[in-house]
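Residue numbers (the working numbering): 227 to 757.
Here you go:
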């Protein structure tokens, strides 16, 4: 009897263990999906469109706080969530929410939104309306909160007709969602800038108001040196600093390189300013002198860098985006190549007196050429702005997938086809390339709701089978899961995609190895190791 009971207990334990074995371990392939005759939706009018629940931040009726309203917002692979949410914010609160007021003027238009690494750049245009200083602060706060909710990006720069408005002519720096209540934020800003005004007026300079410290957006290059992406950096400058002095400080920060070390330099090692940055204002006062409250450009005169040492477009883009993005009312940068001319020898005492002084030193520079167009604007470099994405590659043994950061053009940040092409485009370190598979193996990628449909070119199953049976440092049992879930996890890293369905030349694929491909596959986070 005891023997029978022992056998019964052992059998029960085996059954229990088998039941537990049916659960997927964190680093195993999810169980095979039940075979299905279903086909993925075909590409149609609704393809590449999706929606999400946006959190839109409006003003309360008394304008003393930001209030959130949730709304379903539609977007596509050419539009970021941030852009879709901000267009909804401009449209105003729902009619059934009388407790809310607009946080962005109804006259506003959204020119564009740039996702750029750690920041999001937002560009507004407004006809026949210039926001007051307080209205602009409220708009910035609402935009920062809305973008953070939509994209998870905690820093924004908000521009008005391509330029930073600042606050009463002073720099504001980048904006993050408020940590304090709106009235407290507005009151603190008013006190801070009144202190700045007193300092510039020569009155009441105190120990804690001698320096201005803010977050600036600096631009550096990706590993290939082809795209620019943003890096937040804290900058400090003395109260009363001029636009020229602030521009020089920003250039010095660019010359110092990326403090985190993951982005490439944008200025050549032999970069040299031949003179201090020059501010050129667009307007004049009634007395004929420059109107220092009008829009302006910054002119830089530099020595010709070593031609083999730098990329002119990257250098010009980084200087333009960094300077115009931080200093108020600067809408462009002119970059000139110059050389220091040898002054003519004075022939008498009067000429000797005229040869000295700052003005003579300034005139002692010959301008050889102007880079690009006469004045470089932010919009000139929007196609060079890149956004960081995550691709998933296997390690050499096929044990795990590593999340590898890559920078792609920001315009393609929401394009699943572009992301898949980037994944198959080459080796990432750490990781190994996907043997045999290239971007040419992708016939089409489109969205249907939250499902990404990949239509592989004819021969996909044959190539995958050859990969499973061929030579590789990965164990044969791991190769299929590493490839399939490298693709699935890369695409489901995009917020609009929850699963991936694979076809071959428009036809359904069943099982090539052990993974059933006849249904959409969901993300498998258990295979991922984040560095």
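Yeah, the Cβ is synthetic: ideal placement off N, Cα and C, and Gly gets one too.
Within a 10 Å sphere around the beta-carbon of residue 604 sit 16 or more other beta-carbons, which makes this residue buried. It is roughly 47 Å from the alpha-carbon of residue 505 to the alpha-carbon of residue 324. For residue 727, DSSP records a beta bridge to 679. Rounded to whole angstroms, the Cβ separation of residue 493 and residue 481 is 5 Å, and the two are in contact under 8 Å. In chain order, 473, 476, 524, 556 and 559 place their CB closer than 7 Å to the CB of residue 549, counting only its own chain and leaving out the 5 sequence neighbours on each side. Between the stretch 710-725 and the stretch 634-652, the count of Cβ pairs shorter than 8 Å is three or higher; the stretches touch.
Taking the C-beta atoms as reference points, residue 522 is found no nearer than 9 Å to residue 598.
Taken in chain order, the complete beta strand (DSSP E) segments of 3 or more residues contained in the stretch 254-325 are 275-286 and 292-302. Under the three-state reduction of DSSP, residue 365 is assigned to helix. Only residues of its own chain outside the window of five on either side were considered, and among them 349 have a CB closer than 6 Å to the CB of residue 338, listed in chain order. Two segments are said to touch when three or more pairs of C-beta atoms, one from each, lie closer than 8 Å; by this definition the stretch 351-358 does not touch the stretch 314-328. Listed in chain order, the non-local C-beta contacts of residue 510 below 7 Å within the same chain comprise 516 and 517, local neighbours out to five positions each way being set aside. Residue environment for residue 321: exposed (fewer than 16 other C-beta atoms within 10 angstroms of its C-beta). With respect to the C-alpha of residue 536, the residue from 500, 462, 592 and 451 having the closest C-alpha is 451. Per the DSSP secondary-structure output, residue 755 pairs in a beta bridge with 628.
Boundaries of the beta strand (DSSP E) around residue 596: 591-596. Beta-bridge partners of residue 562 (DSSP): 527 and 596. Listed in chain order, the non-local C-beta contacts of residue 530 below 8 Å within the same chain comprise 563, 565 and 594, local neighbours out to five positions each way being set aside. Membership of residue 702 in the alpha helix (DSSP H) is indicated by the continuous run 702-717. The beta-bridge partner set that DSSP reports for residue 444 consists of 457. Per DSSP, reduced to three states, the secondary structure at residue 744 is coil, with no helix or strand assignment. Exclusion of the five residues before and after residue 453 leaves 447, 610, 611, 612, 633, 634 and 635 as the residues of its chain whose Cβ lies within less than 8 Å of its Cβ. Non-local beta-carbon contacts of residue 300 in its own chain, meaning distances under 8 Å to residues more than five positions away in sequence, involve 275, 276, 277 and 310 in chain order.
Under the DSSP assignment, residue 350 falls outside any alpha helix (DSSP H), being part of the beta strand (DSSP E) whose first and last residues are 345-352. Here residue 667 is buried, its C-beta having at least 16 other C-beta atoms within 10 Å. Relative to residue 288, the option among 399, 330 and 409 whose CA is nearest is 409. Linking residue 726 to residue 741 through their CA atoms gives a straight-line distance of about 13 Å. Beta bridge pairing from DSSP links residue 386 with 350 and 389. Look at residue 601 here: in three-state DSSP terms it is coil, with no helix or strand label. Contact between residue 687 and residue 748 is ruled out by a C-beta separation of about 21 Å, above the 8 Å threshold.
Taken through DSSP and simplified to helix, strand or coil, residue 720 comes out as coil.
Closest by C-alpha distance to residue 553, out of 519, 539 and 540, is 519. Out of 315, 396, 710 and 620, the CA that lies nearest to the CA of residue 375 is found in 315. As the crow flies, the alpha-carbon of residue 265 is around 15 Å from that of residue 676. Unbroken beta strand (DSSP E) stretches of 3 residues or longer found wholly inside the stretch 454-493: 454-464, given in chain order. For a cut-off of 8 Å, the C-beta gap from residue 390 to residue 551 is around 6 Å, short enough to register as a contact.
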